[in-house]
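Please read the structure below before turning to the comments.
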Amino acid sequence: MPLVCLACVACGKYGAPAQPVETLKSVAPFPVGAAVNPYLLKTNSLYYAVVATEYNSVTTENVLKFNATEPQLNQFDFSGGDTVLSFAAKNHMRVHAHNLVWHQALPGWVLNFSGDSLAWENIFKTHIQSVVAHCKGKVSSWDVVNEAIRDDDGKLRNKDVNPGDGSIWRQHLGPDYIARAFQYAHEADPGALLFYNDYGQEWNGVKLDSMVAMVNRLKRRGIPIDGIGMQMHIGINTNQANMKIAMQRLASTGLLIHISELDVSVNPSGDTNIVYNDALQSRQADMYQLVAQTYISTVPKAQRYGITTWNVGDADSWIPHFYHRKDWPLPFDSLYRKKAAYEGYLRGLKN
Ligand code: 9MR
Numbered sequence: 122m123p124l125v126c127l128a129c130v131a132c133g134k135y136g137a138p139a140q141p142v143e144t145l146k147s148v149a150p151f152p153v154g155a156a157v158n159p160y161l162l163k164t165n166s167l168y169y170a171v172v173a174t175e176y177n178s179v180t181t182e183n184v185l186k187f188n189a190t191e192p193q194l195n196q197f198d199f200s201g202g203d204t205v206l207s208f209a210a211k212n213h214m215r216v217h218a219h220n221l222v223w224h225q226a227l228p229g230w231v232l233n234f235s236g237d238s239l240a241w242e243n244i245f246k247t248h249i250q251s252v253v254a255h256c257k258g259k260v261s262s263w264d265v266v267n268e269a270i271r272d273d274d275g276k277l278r279n280k281d282v283n284p285g286d287g288s289i290w291r292q293h294l295g296p297d298y299i300a301r302a303f304q305y306a307h308e309a310d311p312g313a314l315l316f317y318n319d320y321g322q323e324w325n326g327v328k329l330d331s332m333v334a335m336v337n338r339l340k341r342r343g344i345p346i347d348g349i350g351m352q353m354h355i356g357i358n359t360n361q362a363n364m365k366i367a368m369q370r371l372a373s374t375g376l377l378i379h380i381s382e383l384d385v386s387v388n389p390s391g392d393t394n395i396v397y398n399d400a401l402q403s404r405q406a407d408m409y410q411l412v413a414q415t416y417i418s419t420v421p422k423a424q425r426y427g428i429t430t431w432n433v434g435d436a437d438s439w440i441p442h443f444y445h446r447k448d449w450p451l452p453f454d455s456l457y458r459k460k461a462a463y464e465g466y467l468r469g470l471k472n
């Protein structure tokens, strides 16, 4: 028998349980999530452990998008989505599903589809209702319509008007396609919370005004919309005052507010010689802290749907690939170790 100091036993030092370690979800007064992908959940145990330990909400990054779920007309594929849904169920996590209607991530058959407005309405409604029905009972919420508003004038994207990044849905279904998307989704799963999700609210006042007006119109008409996703793909120089104004304006609709795709770029200008030094890491930590604090101080408690980062570790981020630049936008590094950004985020969530 080992020699044991009785005083230590009495004071709890000997064999005392380790102090509970703080995690994002243990300190946050609302759900905290990350966009995840099934490939990493299956192949990387570090990734799996970090997601399961730190978060209590997940968003499906790509696997419930149109091109993944209906790659051919009326042929549905939920393999990737089901992996994420069962991971979440096993770990008692909320699932925010993303997304039903977007002008991107469309399969070739939709882009090449030809038919009258009735035929277009049919593929639109069938897609929404099949995907929502499949996930019914396993997801809490949906991004029903994603990024429908233009950056330059706040009008609806329309492939007729801006072919490069216009919406094929607005082109073929008319401006009220947004309201109908919410109605179709609600019919298929009346229990799911339904969100409009977009980016740029913190830097684009025209777009912010247009978004607030749009959701207020939908609400007045009794369209089943429950929340707004504020993506917040921001950078270390993002303007604090504008961020707060955007949260205030969105919250003034009375809807739930989800910071839905947060990441903080440290290299927005694409400097090829950039070094991710202590100064940059600390500015990034401050920005993560500020976002969490601003959300807490600005969005009323009952309207806080939570904060979700877009991916988990720097190596998974969409930013370096999409912008062809070096960047480290997330709270975890490429080996899923906590960064200064994580500590800043934690501080902000504790606020
Ligand atoms: O992170 C996603 C990336 O892996 C995909 O290639 C891309 C196209 O489907 O979409 C990215 O996620 C986007 C999200 O769905 C909507 N808001 C912007 C996100 C970053 O581009």
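Per the working numbering, the very first residue in the sequence shown carries number 122; after that it's consecutive. Note that beta-carbon positions come from the ideal geometry of N, C-alpha and C, so glycine has one too.
Could you work out which residue in Arg446, His379 and Tyr463 is closest to Gln424 when comparing CA atoms only?
Reading the sequence shown from its first residue, position 303 is the one you call residue 424. Cα-wise, what sits closest to Gln424 is His379.
Decide if Ser166 is buried, meaning its Cβ has at least 16 other Cβ atoms within 10 Å, or exposed.
In the sequence shown, counting from the first residue as 1, residue 166 sits at position 45. Exposed is the call here.
From the DSSP output, read off the bridge partner residues of Val266.
Here the question's residue 266 lines up with position 145 in the sequence shown. Partner(s): Val222 and Tyr317.
If the criterion is Cβ atoms closer than 7 Å, does the pair Ala413 and Gly469 meet it?
Looking up residue 413 in the sequence shown gives position 292. Looking up residue 469 in the sequence shown gives position 348. Their beta carbons are under 7 Å apart, which means Ala413 touches Gly469 by this criterion.
I need the straight-line Cα distance from Ala309 to Lys257, nearest angstrom please.
The residue given as residue 309 occupies position 188 in the sequence shown. The residue given as residue 257 occupies position 136 in the sequence shown. Each residue's Cα considered, the two are about 8 Å apart.
Grouping DSSP H, G and I as helix and E and B as strand, with all else coil, what is Met214?
In the sequence shown, counting from the first residue as 1, residue 214 sits at position 93. In this structure, Met214 counts as coil in the three-state DSSP scheme.
Assuming Met214 contacts Asn177 under a Cβ cut-off of 8 Å, what Cβ separation, rounded to an integer in Å, is found between them?
Stepping through the sequence shown from its first residue, residue 214 is reached at position 93. Stepping through the sequence shown from its first residue, residue 177 is reached at position 56. Right, their Cβ atoms sit about 5 Å apart.
Tell me, which residues are paired with Ala155 by DSSP?
Within the sequence shown, residue 155 is the residue found at index 34, counting from 1. DSSP lists Val179 and Thr430 as partners of Ala155.
Counting along the chain, where does the beta strand (DSSP E) carrying Leu377 start and finish?
By 1-based counting over the sequence shown, the position of residue 377 is 256. Counting along the chain, the beta strand (DSSP E) containing Leu377 begins and ends at Leu377 to Ser386.
Within 10 angstroms of its Cβ, does Val130 collect 16 or more other Cβ (buried), or is it exposed?
On the sequence shown, residue 130 is found 9 positions in, with the first residue counted as 1. Caution applies to Val130, whose pLDDT of 40 falls short of 50 and renders its modelled position unreliable; the model cannot decide the point.
Starting from the Cα of Arg370, find the closest Cα among Met335, Leu329 and Ala406 and give me that residue.
Position 249 of the sequence shown holds residue 370. Minimum Cα distance to Arg370 is reached at Leu329.
Say yes only if the C-beta of Ala226 is nearer than 6 Å to one or more non-hydrogen atoms of the ligand 9MR, and no if none qualify.
For the purposes of this step, residue 226 is taken as the residue at position 105 of the sequence shown. Yes, the ligand 9MR has a heavy atom inside 6 Å of this Cβ.
Can you give me the C-alpha to C-alpha distance between Arg271 and Ala300, rounded to a whole angstrom?
Locating residue 271 in the sequence shown gives position 150, counting from the first residue. Locating residue 300 in the sequence shown gives position 179, counting from the first residue. Rounded to the nearest angstrom, the two C-alpha atoms are 17 Å apart.
Exposed unless 16 or more other CB atoms sit within 10 angstroms - verdict on Leu232:
Mapped onto the sequence shown, residue 232 falls at position 111. Per the 10 Å Cβ criterion, exposed.
Can you list, in chain order, the residues of its chain with a C-beta nearer than 8 Å to that of Asp448? Leave out the 5 residues immediately preceding and following it.
Locating residue 448 in the sequence shown gives position 327, counting from the first residue. Same-chain partners within the cutoff: Ser386, Val387, Asn388, Asp435, Ser438, Ile440 and Pro441.
Can Pro345 and Leu315 be called in contact, C-beta distance under 7 Å?
Translated into the one-based positions of the sequence shown, residue 345 becomes position 224. Translated into the one-based positions of the sequence shown, residue 315 becomes position 194. Their beta carbons are under 7 Å apart, which means Pro345 touches Leu315 by this criterion.
Drop a sphere of 10 angstroms on the beta-carbon of Leu377, count the other beta-carbons inside from all chains shown, and report buried for 16 or more, exposed for fewer.
In the sequence shown, counting from the first residue as 1, residue 377 sits at position 256. When all chains shown are included, Leu377 counts as buried.
Can you name, in chain order, every residue of its own chain whose Cβ lies under 7 Å from the Cβ of Leu145, other than the five neighbours on each side?
As a first step, residue 145 must be located in the sequence shown, where it is residue number 24. Excluding positions up to five away in sequence, the list reads Val153, Glu175, Tyr176, Tyr466, Leu467 and Leu470.
Pop quiz: Leu221 and Ala156 are said to be a contact at Cβ under 8 Å. What is the actual Cβ separation, rounded to whole angstroms?
The residue given as residue 221 occupies position 100 in the sequence shown. The residue given as residue 156 occupies position 35 in the sequence shown. Not confirmed; about 16 Å, so no contact.
If contacts are defined as beta-carbon pairs under 8 Å, then Asp286 and His224 qualify, I think. What distance do you get, rounded to the angstrom?
Translated into positions along the sequence shown, residue 286 becomes position 165. Translated into positions along the sequence shown, residue 224 becomes position 103. About 7 Å; that satisfies the 8 Å criterion.
Should Glu191 be counted as a contact of the ligand 9MR given a C-beta to heavy atom distance under 6 Å?
Here residue 191 refers to the residue found at position 70 when the sequence shown is read from its first residue. Glu191 Cβ: outside cutoff for every heavy atom of the ligand 9MR.
Would you check whether the ligand 9MR has a heavy atom nearer than 6 Å to the C-beta of Glu501?
Any question about residue 501 goes unanswered here, given that the chain covers just 122 to 472.
Which residues in the same chain as His293 place their Cβ atom closer than 6 Å to its Cβ, once the five residues preceding and following it in sequence are excluded?
Taking the sequence shown and counting its residues from 1, one reaches residue 293 at position 172. Excluding sequence neighbours, His293 sits near Trp241.
Suppose the cutoff is 7 Å on Cβ atoms and the five residues either side in sequence are ignored; what does the same chain contact list for Leu124 look like?
Position 3 of the sequence shown holds residue 124. Any reading at Leu124 needs caution, since the residue's pLDDT is 41, under 50, leaving its predicted position unreliable; the model's value is listed next. Counting only Cβ-Cβ distances below 7 Å, and skipping sequence neighbours, we find nothing.
Which of helix, strand or coil does DSSP assign to Ile395?
Residue mapping note: residue 395 aligns to position 274 of the sequence shown, counting from 1. DSSP places Ile395 in coil when its eight states are reduced to three.
Kindly examine the ligand 9MR and report whether one of its heavy atoms sits closer than 6 Å to the Cβ of Trp449.
Indexing the sequence shown from 1 puts residue 449 at position 328. No - the ligand 9MR has no heavy atom lying nearer than 6 Å to the Cβ of Trp449.
Using the rule of at least 16 other Cβ atoms within 10 Å of the residue's Cβ for burial, across every protein chain shown, is Pro479 buried or exposed?
Outside the displayed range of the chain (122 to 472) lies residue 479, so it cannot be described from this structure.
Same chain, Cβ closer than 8 Å to Phe340, neighbours up to 5 away in sequence not counted
On the sequence shown, position 219 is the one that residue 340 refers to. Just to set this straight, residue 340 is Lys in the shown sequence, not Phe. Within the same chain, Lys340 has close Cβ partners Ile346, Thr374, Gly375 and Leu376.
Please work out which residues of its chain come closer than 6 Å, Cβ to Cβ, to Asn212, disregarding the five sequence neighbours upstream and downstream, and give them in chain order.
Position 91 of the sequence shown, counted from the first residue, corresponds to residue 212. Cβ within range, chain order: Ala173.
Close Cβ partners of Asp454 (< 7 Å) along its chain, the five nearest in sequence each way excluded:
Translated into positions along the sequence shown, residue 454 becomes position 333. Answer for Asp454: Gly434, Asp435 and Lys460, listed in chain order.
Local conformation of Gly348 per DSSP, three classes:
Within the sequence shown, the letter at position 227 stands for residue 348. Strand.
DSSP three-state call for Lys447: helix, strand or coil?
By one-based count along the sequence shown, residue 447 stands at place 326. Looking at Lys447 - three-state DSSP - the assignment turns out to be coil, as it is neither helix nor strand.
Taking 6 Å as the cut-off, is the C-beta of Trp439 nearer than that to any heavy atom in the ligand 9MR?
Locating residue 439 in the sequence shown gives position 318, where the first residue counts as 1. Because some heavy atom of the ligand 9MR lies under 6 Å away, the Cβ of Trp439 counts as near it: yes.
Pairwise C-alpha distance: Val282 and Val216
On the sequence shown, residue 216 is found 95 positions in, with the first residue counted as 1. On the sequence shown, residue 282 is found 161 positions in, with the first residue counted as 1. Rounded to the nearest angstrom, the two C-alpha atoms are 35 Å apart.
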